[in-house]
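For reference, the structure discussed in these notes is given below.
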Amino acid sequence: MLNIVLFGPPGAGKGTQSEKLISKYRLIHLSTGDLLRGEILQGTSLGLEAKKLMDQGQLVPDEVVVGMIENKLSANPNSKGFIFDGFPRTTKQAEALDAILEKFKSPISMMLALEVEKAELINRLLERGKVSGRADDANELVIENRINEYNNKTLPLKSYYQAQNKLSTINGIGSIEEIFGAICKSVDALL
Ligand code: ADP
Numbered sequence: 567m568l569n570i571v572l573f574g575p576p577g578a579g580k581g582t583q584s585e586k587l588i589s590k591y592r593l594i595h596l597s598t599g600d601l602l603r604g605e606i607l608q609g610t611s612l613g614l615e616a617k618k619l620m621d622q623g624q625l626v627p628d629e630v631v632v633g634m635i636e637n638k639l640s641a642n643p644n645s646k647g648f649i650f651d652g653f654p655r656t657t658k659q660a661e662a663l664d665a666i667l668e669k670f671k672s673p674i675s676m677m678l679a680l681e682v683e684k685a686e687l688i689n690r691l692l693e694r695g696k697v698s699g700r701a702d703d704a705n706e707l708v709i710e711n712r713i714n715e716y717n718n719k720t721l722p723l724k725s726y727y728q729a730q731n732k733l734s735t736i737n738g739i740g741s742i743e744e745i746f747g748a749i750c751k752s753v754d755a756l757l
């Protein structure tokens with residue numbers, strides 16, 4: 567199985583590149599952000615709780631997202647592999663993911679880390695906010711919070727995967743096709 571962690575700060579382009587990766591490599595896309603927004607749309611109690619945190623740019627509790635990912639993995643036993651988008655976001659989540667994948671005997675193959683500097687991220691998110699309808703994209707203070715959460719809690723995961731020799735960094739500035747080209751080069755080197 568090809569299991570890819572697509573990593574990067576909010577606004578780095580993970581969603582866009584995920585779409586291209588799943589169609590080229592026939593993988594299943596698991597985005598905890600999308601799953602959480604699905605819960606919010608359905609008005610579940612999990613969604614209501616998550617929304618309060620998401621609207622402030624804070625992470626939701628590890629147990630919540632780990633549970634969602636475990637359900638999705640169990641529901642797709644015959645997949646060629648998965649793209650993890652926006653997950654894991656903390657060391658606890660990364661450890662939980664390793665433990666779950668151990669059961670399926672198919673570890674993480676690689677982490678692709680998209681690198682984009684802060685000023686560009688803020689611009690992109692504010693632009694997206696004009697059309698996405700996402701409350702967390704509309705407000706610069708919330709965007710700052712998300713980037714701070716990323717720097718404090720999520721960035722250490724690069725070292726986590728580097729220690730397993732699985733880190734591949736990608737320049738996230740350029741055209742969508744250029745970036746996708748660099749990603750494919752990295753993925754194909756593994757196949
Ligand atoms: P982005 O990467 O553009 O910030 P996402 O759609 O991945 O957006 O996530 C939106 C929000 O959902 C996050 O700010 C956070 O509140 C919550 N969230 C998503 N994934 C996780 C996760 N793995 N752990 C904790 N919170 C999460």
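When we follow the working numbering, the leftmost residue of the sequence shown carries the number 567, and every step to the right adds one. Every residue gets a Cβ at the ideal spot worked out from N, C-alpha and C, and that includes glycine.
**Request:** Determine the contact status of Thr582 and Ile742, defining contact as a CB-CB distance below 8 Å.
**Result:** To locate residue 582, count along the sequence shown from 1; it is residue 16. To locate residue 742, count along the sequence shown from 1; it is residue 176. Yes, these two residues count as a Cβ contact at 8 Å.
**Request:** Taking Leu691 as the reference, give the member of Lys617, Gly577, Gly647 with the closest Cα.
**Result:** Reading the sequence shown from its first residue, position 125 is the one you call residue 691. For Leu691, the nearest C-alpha among the options comes from Gly577.
**Prompt:** For the putative contact between Val626 and Leu602, defined by C-beta atoms under 8 Å, what is the C-beta separation to the nearest angstrom?
**Reply:** Here residue 626 corresponds to residue number 60 of the sequence shown, with the count starting at 1. Here residue 602 corresponds to residue number 36 of the sequence shown, with the count starting at 1. The Cβ separation is near 7 Å, so the contact holds.
**Request:** Take the Cβ of Ala616 as the centre, count every other Cβ of all protein chains shown within 10 Å, and call the residue buried at 16 or more, exposed below.
**Result:** Along the sequence shown, read from residue 1 onward, the residue named residue 616 stands at position 50. Counting Cβ neighbours within 10 Å, Ala616 comes out buried, since at least 16 surround it.
**Request:** Just tell me which of Val682, Val571, Met567 has its CA closest to the CA of Arg592.
**Result:** The residue labelled residue 592 in the question sits at position 26 within the sequence shown. Shortest Cα-Cα distance from Arg592 to any of Val682, Val571, Met567 involves Met567.
**Item:** Asn718 versus Arg655: straight-line alpha-carbon distance, rounded
**Value:** Residue mapping note: residue 718 aligns to position 152 of the sequence shown, counting from 1. Residue mapping note: residue 655 aligns to position 89 of the sequence shown, counting from 1. Here the alpha carbon of Asn718 sits roughly 10 Å from the alpha carbon of Arg655.
**Complete alpha helix (DSSP H) runs within the segment 662–735 (minimum length 4 residues, chain order)** = List check, alpha helix (DSSP H) in window: 684–698, 706–715, 723–728.
**Assumed close pair Leu721, Gly574 - CB separation to whole angstroms, cut-off 8 Å** = Here residue 721 refers to the residue found at position 155 of the sequence shown. Here residue 574 refers to the residue found at position 8 of the sequence shown. At roughly 10 Å, the Cβ-Cβ gap does not stay under 8 Å, so Leu721 and Gly574 are not in contact.
**Asked** Applying the criterion that 16 or more other CB atoms from any shown protein chain within 10 Å of the CB defines a buried residue, is Glu744 buried or exposed?
**Response** Taking the sequence shown and counting its residues from 1, the one referred to as residue 744 is at position 178. The residue in question, Glu744, is exposed, as its Cβ has fewer than 16 Cβ neighbours within 10 Å.
**Message:** For the segment 595–610 against the segment 633–651, do three or more pairs of beta-carbon atoms, one drawn from each stretch, fall closer than 8 Å, so that the two count as touching?
**Reply:** By the C-beta criterion, the segment 595–610 is judged to be in contact with the segment 633–651, since at least 3 inter-stretch pairs fall below 8 Å.
**Message:** Within a Cβ cutoff of 7 Å, which residues of the same chain sit near Thr657, ignoring the five residues on either side of it in sequence?
**Reply:** For the purposes of this step, residue 657 is taken as the residue at position 91 of the sequence shown. The answer, listed in chain order, is Pro722, Leu723, Tyr726.
**Prompt:** How should Ile736 be labelled, buried or exposed, when 16 other C-beta atoms within 10 angstroms of its C-beta is the threshold for buried?
**Reply:** Within the sequence shown, residue 736 is the residue found at index 170, counting from 1. So Ile736 ends up on the buried side.
**Item:** Start and end residues, alpha helix (DSSP H) containing Leu607
**Value:** The residue labelled residue 607 in the question sits at position 41 within the sequence shown. Leu607 -> alpha helix (DSSP H) spans 598–608.
**Prompt:** Ends of the beta strand (DSSP E) at Phe650?
**Reply:** As a position in the sequence shown, residue 650 is number 84, starting the count at 1. Start and end: 647–651.
**Item:** Contact set for Val630: own chain, Cβ-Cβ below 7 Å, skip 5 residues either direction
**Value:** As a position in the sequence shown, residue 630 is number 64, starting the count at 1. Correct list, in chain order: Leu612, Ala616.
**Asked** Closer than 7 Å: is that where the CB of Met676 sits relative to any heavy atom of the ligand GDP?
**Response** Ligands in the displayed structure: the ligand ADP; the ligand GDP is not one of them.
**Message:** Looking only at its chain, what residues have a beta carbon closer than 6 Å to the beta carbon of Met634, apart from the 5 residues adjacent to it on each side?
**Reply:** Start at 1 with the first residue of the sequence shown, and residue 634 comes out as number 68. Once the five neighbours on either side are set aside, the close Cβ partners of Met634 are Leu601.
**Prompt:** Roughly how many angstroms separate the alpha carbons of Leu756 and Val571, rounded to a whole number?
**Reply:** Here residue 756 is taken as the residue at index 190 of the sequence shown, counted from 1. Here residue 571 is taken as the residue at index 5 of the sequence shown, counted from 1. C-alpha separation (whole angstroms): 14 Å.
**Asked** Under three-state DSSP, which class holds Leu568?
**Response** Locating residue 568 in the sequence shown gives position 2, counting from the first residue. Here Leu568 carries a strand assignment [DSSP, helix/strand/coil].
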